[in-house]
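Counting in UniProt numbering, the sequence shown runs from 6 upward without gaps. Data block below; observations after.
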Amino acid sequence: LRSALRRSAAASYMSIRAFASPPGQQRKVAVLGAAGGIGQPLSLLMKLNPMVSHLSLYDIAGTPGVAADVSHVNTRSEVKGYAGEDQLGAALEGSDLVIIPAGVPRKPGMTRDDLFEINAGIVKSLCEAIAKYCPNALVNMISNPVNSTVPIAAEVFKSKGVYDERRLFGVTTLDVVRARTFYAGKANVNASDVDVPVIGGHAGITILPLFSQATPSANLSADEITALTKRTQDGGTEVVEAKAGKGSATLSMAYAGALFADACLKGLNGVPNVVECSFVQSTVTELPFFASKVKLGKNGVEEVLGFGPLSDYEKQGLEALKTELKSSIEKGVKWHANSK
Ligand code: NAD
Ligand code: LMR
Numbered sequence: 006l007r008s009a010l011r012r013s014a015a016a017s018y019m020s021i022r023a024f025a026s027p028p029g030q031q032r033k034v035a036v037l038g039a040a041g042g043i044g045q046p047l048s049l050l051m052k053l054n055p056m057v058s059h060l061s062l063y064d065i066a067g068t069p070g071v072a073a074d075v076s077h078v079n080t081r082s083e084v085k086g087y088a089g090e091d092q093l094g095a096a097l098e099g100s101d102l103v104i105i106p107a108g109v110p111r112k113p114g115m116t117r118d119d120l121f122e123i124n125a126g127i128v129k130s131l132c133e134a135i136a137k138y139c140p141n142a143l144v145n146m147i148s149n150p151v152n153s154t155v156p157i158a159a160e161v162f163k164s165k166g167v168y169d170e171r172r173l174f175g176v177t178t179l180d181v182v183r184a185r186t187f188y189a190g191k192a193n194v195n196a197s198d199v200d201v202p203v204i205g206g207h208a209g210i211t212i213l214p215l216f217s218q219a220t221p222s223a224n225l226s227a228d229e230i231t232a233l234t235k236r237t238q239d240g241g242t243e244v245v246e247a248k249a250g251k252g253s254a255t256l257s258m259a260y261a262g263a264l265f266a267d268a269c270l271k272g273l274n275g276v277p278n279v280v281e282c283s284f285v286q287s288t289v290t291e292l293p294f295f296a297s298k299v300k301l302g303k304n305g306v307e308e309v310l311g312f313g314p315l316s317d318y319e320k321q322g323l324e325a326l327k328t329e330l331k332s333s334i335e336k337g338v339k340w341h342a343n344s345k
């Protein structure tokens with residue numbers, strides 16, 4: 006009975022579509038920024054993932070404690086903590102998947118772009134190390150501004166001769182998670198039954214939820230759709246303001262990051278038809294990077310999927326986001342060119 010209870014508690018704790026595929030292969034996952042607000046709960050959630058055999062927790066400081074703590078959870082993976090730059094190589098070596106929540110978060114009144122200068126440098130140095138120690142790993146970029154940090158990562162990998170567009174992902178899953186939750190509230194359905202694609206990027210109006218494609222479908226008014234869209238776009242700011250100077254979303258981001266990492270691992274392990282939204286190199290629009298549904302496979306992105314038919318409201322949103330998204334992408338590329 007005790008073991009049945011334990012199994013059902015674990016199952017309901019993670020009552021998400023994830024974590025269902027068999028353990029299979031050895032998979033090493035590294036979390037960079039593992040001692041932070043996102044890093045700690047994300048490390049815990051990755052410890053619960055049966056596909057992970059080795060969990061490598063890296064930060065500039067504090068990771069031995071986080072690793073010791075997380076390592077006592079009785080799941081498959083072996084956990085190791087690494088602190089400081091001289092341990093970064095060992096943390097990364099042999100990784101199949103690297104998740105990056107390293108960097109400063111927003112305070113009230115700031116935009117994600119206000120984080121650019123500090124986080125660009127952090128992302129650049131971490132990606133240089135990835136290029137050196139685990140060039141074939143999938144990279145899940147969480148650090149903001151995602152619309153610029155992903156292009157910076159691409160430039161770093163290109164400059165090191167290891168860029169493969171199939172392996173670089175901007176994590177936009179929190180936008181999907183929010184769109185699902187807010188939609189479920191308005192449509193009066195169970196949030197865990199909802200799906201809503203979110204396209205574009207990860208900042209303000211560049212976040213474009215496609216409620217016209219939401220399932221299960223509901224007859225929401227135009228005003229309701231407008232309010233839901235705005236709330237999804239401002240979801241990060243809602244949390245930043247509620248935390249009143251103590252940072253941005255960490256727990257919901259850890260959940261979203263764990264969902265996306267789980268999908269990447271399933272793809273690597275050959276599970277068919279794994280599809281998630283992500284900000285990736287793309288030809289779906291004229292922009293070089295764009296978030297849309299992506300099919301995940303053994304090499305990362307197997308196919309970048311189009312976004313299907315849009316409502317007139319969504320078409321307007323798509324046109325409206327392009328200028329900002331283009332300039333955020335270009336800002337990242339330009340910064341890298343000048344940073345040498
Ligand atoms: P935090 O300050 O709590 O944690 C960041 C961690 O990064 C700290 O532990 C810090 O020591 C570490 N760090 C700093 N420089 C590093 C380096 N060079 N190498 C390794 N680690 C380093 O911040 P947080 O709340 O965890 O947020 C982290 C980032 O994630 C922020 O940029 C935030 O804006 C972003 N974020 C993105 C999303 C998204 O949807 N993509 C959601 C929430 C937050
Ligand atoms: C979010 O969407 O919660 C993150 O991008 C953090 C932020 O600054 O809003």
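Using N, Cα and C, we set each Cβ at its ideal position, and we do this for glycine too. All values reported here derive from a predicted model rather than from experimental measurement.
Does Y115 come out as helix, strand or coil in the three-state DSSP assignment? Per the sequence presented here, residue 115 reads as Met, with Tyr not at that position. M115: coil per DSSP, three-state reduction.
Cβ-Cβ separation, P221 to V244 (assumed contact under 8 Å), whole Å: With a Cβ gap of about 27 Å, V244 and P221 do not count as contacting.
For S226, the nearest candidate out of N274, K129, Y318, E329 (CA to CA): Y318
What separation, rounded to the nearest whole angstrom, lies between the Cα atoms of Q238 and E170? 26 Å
Nearest-angstrom beta carbon gap, V161 and H341 [assumed within contact, 8 Å]: 7 Å
If S333 sits next to S153, beta carbons under 8 Å apart, how far is it from one beta carbon to the other, in whole angstroms? 5 Å
Could you tell me whether the Cβ atoms of S48 and V75 are closer together than 8 Å? yes
Alpha-carbon spacing of A125 relative to L37, whole angstroms: 14 Å
Is A39 near ligand 2, judged by its Cβ being under 7 Å from some heavy atom? no
Nearest-angstrom beta carbon gap, P150 and A208 [assumed within contact, 8 Å]: 6 Å
Same chain, Cβ closer than 8 Å to A325, five either side skipped, listed in chain order: I210
When we look at the beta-carbon of E98 and count the other beta-carbons within 10 Å, is it buried (16 or more) or exposed? exposed
Would the C-beta of P277 count as close to ligand 1, meaning under 7 Å from any of its heavy atoms? no
Compute the beta-carbon to beta-carbon distance between L143 and A158, rounded to the nearest angstrom, for a pair I have assumed lies under 8 Å. Contact doesn't hold; Cβ gap of about 12 Å is too wide.
For L69, the residue or residues it bridges with in DSSP: The amino acid occupying residue 69 in the given sequence is Pro; Leu does not appear at that position. Partner(s): none; P69 has no beta bridge.
Which of the three DSSP states is assigned to Q31 in this structure? coil
State the Cα-Cα distance for the pair R32 and T231, rounded to the nearest angstrom. 42 Å
Take every Cβ of the stretch 254–262, pair it with every Cβ of the stretch 118–135, and state whether three or more of those distances are shorter than 8 Å. no
Below 8 Å between beta carbons: does that hold for Y138 and G94? yes
On a Cα-Cα basis, can you pick out the residue from S257, V181, L213 that is closest to V201? V181
Tell me, please, whether the stretch 293–309 touches the stretch 272–279 by the rule of three or more beta-carbon pairs shorter than 8 Å. yes
If you run the structure through DSSP and keep just helix, strand and coil, what is I334? helix
On the DSSP bridge assignment, give the partners of L102 in chain order. V34, L143
Counted within 10 angstroms of its Cβ, other Cβ atoms place Q30 as buried (16 or more) or exposed: exposed
If you measure between the beta carbons of D233 and Y188, is that distance less than 8 Å? Reading off the sequence, residue 233 comes out as Leu, not Asp. Yes.
Could you tell me whether any non-hydrogen atom of ligand 1 is closer than 7 Å to the CB of Y168? no
Below 8 Å CB to CB, which residues in the same chain sit around K331 once its five sequence neighbours on both sides are set aside? L292
Taking 7 Å as the line, does the beta carbon of M258 fall inside it for any heavy atom of ligand 4? As for ligand 4, it is missing from this structure, which binds only ligand 1 and ligand 2.
If you draw a straight line from the C-alpha of K327 to the C-alpha of I212, how long is it? 11 Å
Residues bridged to D64 by DSSP? A88
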